Structures are given as C-alpha cells and as structure tokens.
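Numbering (the working numbering), first residue to last: 47 to 686.
One structure below.
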Amino acid sequence: MRKTVTEKILGAHIKEGTLEKGQEIGIKIDMTLTQDATGTMAYLQFEALGIPKVKTELSVSFVDHNTLQTDFMNADDHSYLRTVAAKHGIVFSRPGNGICHQVYLERFSFPGKTLLGSDSHTPTAGGVGMLAIGAGGLDIAVAMAGDLFFLKTPLVVGVRLSGRLQPMCSAKDVILELLRRVDVKGGKGKVFEYFGDGVKTLSVPERATITNMGTETGSTTSIFPADEVTEEFFKKQNREKDFVRLVADDDAEYDEIIDINLSEIVPLAAMPHSPGKVGKISDLEGMKVDQVAIGSCTNSSYKDLMTVAKILKGKTIAKTLSLVISPGSKQVYEMIAENGALGDLIASGARILESACGPCIGMGQAPPTGSVTVRTFNRNFEGRCGTKDGQAYLVSPETAAACALSGVFSDPRKLETKTDFKEPEEYLVNDNMLIFPKDGEDVVVIKGPNIKPLPLKQALENSINAEVLLKVGDNISTDHIMPAGAKILPLRSNIPEISKHVFEQVDPEFPKRALEKKGGIIVGGENYGQGSSREHAALAPMYLGVKAVVVKTFARIHEANLINFGILPLVFSSPQDYEKVKQGNIVEIPDIRSKLEKGVKEIDLKIGKEVIRLSHNLSEKDAKILIAGGKLNYVKNKNA
Ligand code: MIC
Ligand code: SF4
47 MRKTVTEKIL GAHIKEGTLE KGQEIGIKID MTLTQDATGT MAYLQFEALG
97 IPKVKTELSV SFVDHNTLQT DFMNADDHSY LRTVAAKHGI VFSRPGNGIC
147 HQVYLERFSF PGKTLLGSDS HTPTAGGVGM LAIGAGGLDI AVAMAGDLFF
197 LKTPLVVGVR LSGRLQPMCS AKDVILELLR RVDVKGGKGK VFEYFGDGVK
247 TLSVPERATI TNMGTETGST TSIFPADEVT EEFFKKQNRE KDFVRLVADD
297 DAEYDEIIDI NLSEIVPLAA MPHSPGKVGK ISDLEGMKVD QVAIGSCTNS
347 SYKDLMTVAK ILKGKTIAKT LSLVISPGSK QVYEMIAENG ALGDLIASGA
397 RILESACGPC IGMGQAPPTG SVTVRTFNRN FEGRCGTKDG QAYLVSPETA
447 AACALSGVFS DPRKLETKTD FKEPEEYLVN DNMLIFPKDG EDVVVIKGPN
497 IKPLPLKQAL ENSINAEVLL KVGDNISTDH IMPAGAKILP LRSNIPEISK
547 HVFEQVDPEF PKRALEKKGG IIVGGENYGQ GSSREHAALA PMYLGVKAVV
597 VKTFARIHEA NLINFGILPL VFSSPQDYEK VKQGNIVEIP DIRSKLEKGV
647 KEIDLKIGKE VIRLSHNLSE KDAKILIAGG KLNYVKNKNA
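Okay, structure coming up:
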C-alpha cells in the first residue's frame, strides 16, 4: 500500500495493536519534552517510578512558562528541574533559552522520530516531519521510563496545499483558514498531513506555525513532509547530520482530503473567545485596539520578528496602545540583536520581554478592563489573557504590526512597507544555555518547600453515589477547569493549594463545595477539556474528590488525563439526556467497577427512579487503570 508520512512513522514505531483506524495502538516514543508548568509533576511521577536513567533516545526539560519570579516558588521549581534532569540523564534548557517548541524545532527536532511532550503544542515539531504528540505529564513520565504510549490509530487527513501565499498573508492565516473550516473539535481522532505543490513554498518556521496551531482543531497532531526545504533548514542550523528525507508515497491514500489554495488566503483573525471563531481582518477594520502582543510558540520565529521589525522600522506605535514582543528563543533574540532589528523594535516603542511564553499564558501583560488585545498567539479562551472581560483576537505577525501602527484593526496588505523575508544564510548557533547530563555525576535533587508530594487515589469503588457538583456547557477548556496566569501557575507543584482555584472563573465556590460534599460528579457538553495538556485539570479535581465527569464529548488529551488520575470519563448515549441532569441532583452509577471489569459499555446513571444511559470510550487497559485508581497505581502494581 502507498503510505502517508504518518503511516510510515506509526508503522516504524508500533509495538502493540494493529494500524486499524480507531483501534488502540502502543507506540515506542523516541524523544520527550517537558516544560516547567507541567514538568515538575512529570518528574515527581518519574521519580515515583524508581527508574535511575531515562530510557528514551533524548529527553529535554525546558523552563519557559513559570519564569516570573515574584517569590521563591518558581525559582525553587527551576532548581528542582535542573537537578532532577542532571540526575536522570535529561537535557536541561535553562530559563532564558526560549519557548520549548521553538527551541525544540531549532535544536532537537528529528524527521521520522516520535516525540511525546507534556504540552499540547508539541506538534510544532511536525513542521520537520516528526510525529510529535502532546500528552499529560504522567504519560511523559511513563515514556521516559521506556513504556509505550497508547493512542487510537488516527485517521489521516491530507491537506493539499496549492498556489503561493500573497504578500502580507501568512502561515498563521493558513491555519486560521483550516480552523474556520473544521472548528475546535473537527480534528479529533485525526492527523492533518500536508502535501501538494504549495508545501515547497513554505519555510520550516512557517510549517511549524501551522502544525503548532493545528492543536486548536483538537487533532492528534499535524505533520509536513521532510523535503529539500527541511534539509536546508537543518543545514542552516548546523544539524545536517540529523536530517532524514521523509515524504509520502506518490498516490498515498488519505482518509479525507481538504484543499487549500494558498494564493486565495487572506488575513484572518480568531475572535473572542474561541480559536475556531474565525473572521476576516477586512471585516474588522477600524475597530480600536488597546494592546498588541507578539510572540508565543506559534509566531516568534526569526522570520516572524524580522517581518514585524521591517514594518515598524522608523515608525512609532499608536499613542493609545501598548505593544509587547517576546522572541521565541535565545537564537532568535541574539540574531535580531546582532542585525539591528531589535533596535528598530525598541525604537518604535515596543516593550521587549524575555524569551518565554509570557503573556500567552497570562504571565504578566494582562490587558486593561474590557479592552481589545490583538495577539499572534494560538488561544483566546475567556480570561486566559489575565483580564476576565479582555477581548483577545489571534492574528498573524503582519496583521499585529499593522494594528500596532494604526491603533485600530488594519489589513496588512494596505501597508506601504511590503515584507520580503529571506531565510538567513545560517542561523546563529550557540547552545550555551543547554546543560547536557554527564555520566556518573553525583547529583542532589533540590526540592523547595512548595513542592508537595503527589496525591494518590484509592482503587475504584463498585458503585458511585454522589451529587452533581457542577453542570457546564460546551467547549469548556482546561483554562476554565484549572486556570493558569501569574498567580496560579507557581502552584503547579503543590496540588492541595492549586486545587483551591479549580473552576475559579466559572464558579468560585466549587472547590469548597466539592470538599464539603466529599466529592461528586461534573456534567458537561461537547468538547469538554479542550486546550492545554495540563494534567492539573484532572489531578486537582481528583484531589477535590471528583469521581466521574459525564459529558456529550471529550477533547482527547483531557480524557486521557482523567483516566490517568482515576476519574471516570463517561458520555451520554443520547446527547439530549444532558438536559435531564441538573446541578445538585443526587445520582447513582451502580456496579461501575464490575461493569468495567467485564468490559460492559452500557452504564446507568440513576436520578431517583429515572435511569439515563451512559457509555464510554475506554480500552481494556484504560478500564484497568481506572480500577486501580489511576495510572501510577496501575504501573506500580504491574511492576510489583
Ligand atoms: C498552554 O498553552 O495552555 C500551556 C500552558 O502551554 C499548556 C500546558 C500547561 O498548562 O502547562 C498546554 O498547551 O499544554
Ligand atoms: Fe507557551 Fe503559549 Fe505556547 Fe502554551 S501556547 S507553550 S503558553 S507560548
């Protein structure tokens, strides 16, 4: 059979199951990445598994999210991450070295290999033909211990690119166009694989923008072939030896095809409060903008910042607005410093931040009350920017720069300055902020007082009797469930404390109520748990006693995280039954344990005399994990 790039990589890594669409398979993971906000938990879990050295080919730990040090907490986490990495054979990327996905793309990505990362935007590395998947920290810990990663064999959607982007239209507009068509759950159970004549017109950083934000469709991952353009990129990164050519066979069969003509792409924006609510910049023209933020793992490459610098050179940003810029990596930062573009940005009035996630995760730079913030980022869920009624729009760097100059939404195609970016002859390579582990090093792991032991759950009870603690609607994101931002992120290594913030924006009383009632269940609508891979959105509810989440549909990573922490993910057999359950109802889920043991799919939810039929998508292995009370218990029992 003629194979797609995805099938070639899956075929070379499958160790359990068969490649039948929708069936569960176990694949070998070659490489892992973690970032600091999910990494502390992942390494605490790895330590609990008792394995001396990681068994992957390469594991890298980044510090990029929790970089604001308003007290000891984040700084302590950095010390823990540095020492635990040295002890277990993990490369450590120091704070200041950049955003995990940008640095990974530049310095570690590898065509044809598998990468599992404790961050949902891990698919960025798909820009060079790597099968890069986001997952919860516990799945990364298990992969570092040498175990397989389990997923449902995805459908492979071929995205056929033709034509060429018009001036001032951008890779960001391409992924926004895909989001316009498939929305925030259209990618579930799918890999978007790009092919066609248009592919060769896109550079690696442009491809990475597209695979990065492919996450917002709910997909398993996105991938480009590794072709001549990729090879050039590796040469310029002085990594020619890591390049492997990997393209789909001619006439490879895709499960579905989506056509995008790059020549027809126009500047777009994702409007508040969903990455899937896409409109044209030409329809927003003239609307006042209060803040512009440029950066994040989607749009902070050398190309992106050079493009912005060229537009802003010799001009001043609009009087009523603030512009913040965060370069994606130290490589990008050093290069724009050396060639003078940084000076142009500063001179225009831009406030330059460190090379980190920053405002994208609400680590500072929250916009004013009720204001409009225009961002080159990938997510605009309500409140994520740090201001509850902030109106965040997601756009390309070209559009962001045009808005920064005028103070209103502006179509970048109307600017006098046209950008004509050329890839540099070579990228500046200076890996001095990476610490490579040394064999035989005697390391003491430092754990500050904010790093608390990981809570564990008891094995599953046979029946659940509980109250519906909360009922929510569609598209609840992990930012709703477990908010981030400068105040809450430092608590990522302290579950008892962070659990006090669960559902803070939705219902601030939730944590107190959950503890008082000794736990209960949550009811939700479609696409529950979209967005981030943060396992804290399962772990903290588990700590509060949440036993089951009953919804119309789940987002992939969150469903896996619920299973990992022993919370039952159940779905309404008929979506209309969602209406029948009310917050405050006392419900019973009888014989759930024996049903899972027997592989029964039909589960009952009883409210008094009424019986509502539920179901689940659990594999045999998932059921065993839930019965054990979570994956750590399961792995420990298995090894014992
Ligand atoms: C995000 O963009 O929401 C994050 C912060 O990078 C998360 C990870 C986290 O919550 O730590 C993600 O995308 O997985
Ligand atoms: Fe960081 Fe934002 Fe990218 Fe998440 S989406 S990894 S917070 S830059």
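Backbone N, C-alpha and C fix where the C-beta goes; we use that ideal spot for every residue, glycine too.
On a predicted model such as this, the values are computed, not experimentally measured, just so you know.
Once you ignore the five residues that flank residue i on each side, which residues in its own chain have a CB closer than 6 Å to its CB?
i, result
"Lys-498", "Asn-540"
"Ala-339", "Val-370, Pro-405, Arg-421"
"Ala-121", "Gln-115"
"Lys-61", "Gly-72, Lys-74, Leu-194"
"Ser-216", "Ser-442, Glu-444"
"Ala-446", "Val-338, Ile-340, Val-420, Thr-422"
"Gly-432", "Gly-408, Ala-412, Gly-531"
"Leu-177", "Ile-55, Thr-160"
"Ala-254", "Leu-151, Thr-170, Gly-173"
Please confirm whether any heavy atom of the ligand SF4 lies closer than 7 Å to the CB of residue i.
i, result
"Asp-82", "no"
"Phe-510", "One detail in the question is off: residue 510 reads as Ile in this sequence, not Phe. For the ligand SF4, not one heavy atom lies less than 7 Å from the Cβ of Ile-510."
"Ser-421", "According to the sequence displayed, residue 421 carries Arg and not Ser. No, the Cβ of Arg-421 stays beyond 7 Å of every heavy atom of the ligand SF4."
"Arg-559", "no"
"Asp-688", "Because residue 688 is not part of the residues shown, which for the chain are 47 to 686, the question remains open."
"Ile-632", "no"
"Cys-431", "no"
"Ile-145", "yes"
"His-748", "For residue 748 there is no data in the structure shown, the boundaries of the chain being 47 and 686."
"His-167", "yes"
"Arg-425", "yes"
"Ser-342", "yes"
Cα separation between residue i and residue j?
i, j, result
"Cys-406", "Thr-78", "23 Å"
"Lys-677", "Val-354", "46 Å"
"Glu-462", "Asn-424", "27 Å"
"Leu-664", "Gln-81", "28 Å"
"Ile-269", "Glu-302", "15 Å"
"Leu-207", "Glu-310", "11 Å"
"Lys-326", "Met-317", "10 Å"
"Cys-146", "Phe-108", "6 Å"
"Glu-331", "Ala-448", "11 Å"
"Lys-49", "Lys-655", "53 Å"
"Leu-184", "Lys-434", "31 Å"
"Gly-173", "Val-657", "48 Å"
"Met-333", "Ser-619", "44 Å"
"Phe-467", "Pro-321", "27 Å"
"Gly-192", "Asn-679", "17 Å"
"Lys-359", "Ser-342", "22 Å"
"Lys-198", "Ala-450", "44 Å"
"Tyr-348", "Ser-155", "17 Å"
"Tyr-439", "Thr-86", "31 Å"
"Arg-559", "Asp-668", "29 Å"
"Lys-517", "Asp-553", "10 Å"
"Pro-157", "Ile-613", "36 Å"
Given that a residue counts as buried once 16 or more other Cβ atoms are within 10 Å of its Cβ, and exposed if not, what is residue i?
i, result
"Asp-243", "exposed"
"Val-475", "exposed"
"Asn-478", "exposed"
"Leu-65", "exposed"
"Ala-37", "The structure shown does not extend to residue 37, since the chain spans only 47 to 686, so no value can be given for it."
"Gln-69", "exposed"
"Pro-621", "exposed"
"Ile-632", "exposed"
"Lys-231", "buried"
"Met-47", "exposed"
Which residues in the same chain as residue i place their Cβ atom closer than 8 Å to its Cβ, once the five residues preceding and following it in sequence are excluded?
i, result
"Asp-336", "Thr-366, Leu-367, Ser-368, Pro-413, Pro-414, Ser-417, Val-418, Thr-419"
If you measure from the beta carbon of residue i to each beta carbon in chain B, is any gap under 8 Å?
i, result
"Leu-506", "Protein chains in the displayed structure number just one, and chain B is not present."
Residue i: beta carbon under 7 Å from a heavy atom of the ligand MIC?
i, result
"His-547", "no"
"His-124", "no"
"Asp-689", "With the chain running from 47 to 686 in the structure shown, residue 689 is simply not present."
"Ile-407", "yes"
"Ala-181", "no"
"Arg-580", "yes"
"Ala-530", "yes"
"Gly-577", "yes"
Whose C-beta lies closer than 7 Å to the C-beta of residue i among residues of the same chain, with five residues either side of it excluded?
i, result
"Asn-511", "Glu-634"
"Thr-524", "Gly-575, Gly-577, Ser-578, Arg-580, Ala-583, His-604"
"Thr-257", "Pro-169, Thr-170, Gly-172, Gly-173, Ser-268, Ile-269, Phe-270"
"Val-376", "Note that residue 376 is Lys in the sequence shown here, rather than Val. Closer than 7 Å at Cβ, skipping near neighbours: Gly-142, Asn-143, Gly-144, Ser-401, Met-479."
Is the beta carbon of residue i within less than 7 Å of some heavy atom of the ligand MN?
i, result
"His-111", "Within the structure as shown, the ligand MN is missing, the only ligands being the ligand MIC and the ligand SF4."
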